[in-house]
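Be aware that the sequence shown starts at 17, since it is given in my numbering, and climbs by one per residue.
Glycine included, each C-beta is placed from N, C-alpha and C at the ideal position.
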Amino acid sequence: MPQGQPSVVPNDGLTTRQRRNRPLVFVHTGQGKGKSTAAFGLALRAWNQGWPVGVFQFVKSAKWKVGEERALKVLGESGEGGTVAWHKMGEGWSWVQRDIASSEDAAREGWEQVKRDLAAETYKLLVLDEFAYPLKWGWIDTEEVVSVLRDRPGTQHVVITGRNAPEALLDFADLVTDMTKVKHPMDTGQKGQRGIEW
């Protein structure tokens, strides 16, 4: 198995093993497609390692069925890898706001649940899907999120997705990927399709 060699070894007092196993915060942001898809790919890897996985969808409504949800739930129930819990607290699409007040309340309730799960070390990987939106809209305080993530116990990894992630979150995260759109079928009027977008 190939092992990457870091270009810099920090003088942080940690052994190579301690540094390799420290918990990470990932942010997938940008205007391009693939932010949630990348996070769900990470969830598959975590499931394969036997880690308990918690997925929290912050914007898509409970009625929206993404393919990854069914696949990860089936895998989580298979008894072969880790468990998978899927939580939906959104009221609708991020770019088609319907009931702002209930969406804001749902996002805040979701964040409170994430804080409880972090404190209890319920999951080894938490996917906070489209969490960047409630931060950008000011529904949830970014500085509080950074503080909670900085002080989380154990070895919990957290991946956050969504466009326009706040600068303070990007500065704090260990890994930031900006998905840049070059072309998209929707640019030429094609709607999203089954098996590609969901």
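Query                                                                                             : Result
T53 - containing alpha helix (DSSP H), residue span                                               : 51 to 64
6 Å CB neighbourhood of W111 in its chain, flanking five on each side removed                     : Any reading at W111 must be qualified, since the residue scores a pLDDT of 42, below 50, and its modelled position is unreliable; no value is offered.
Bounding residues of the beta strand (DSSP E) (the contiguous stretch that carries T193)          : 191 to 194
Reduced DSSP secondary structure (H/G/I, E/B, other) of G154                                      : coil
G46 beta carbon less than 8 Å from that of D194                                                   : yes
Assigned secondary structure, T204 (DSSP; H/G/I helix, E/B strand, else coil)                     : helix
Close Cβ partners of V164 (< 7 Å) along its chain, the five nearest in sequence each way excluded : K131, L134
Rounded Cβ spacing between W127 and G98 (contact assumed at less than 8 Å)                        : With a Cβ gap of about 23 Å, W127 and G98 do not count as contacting.
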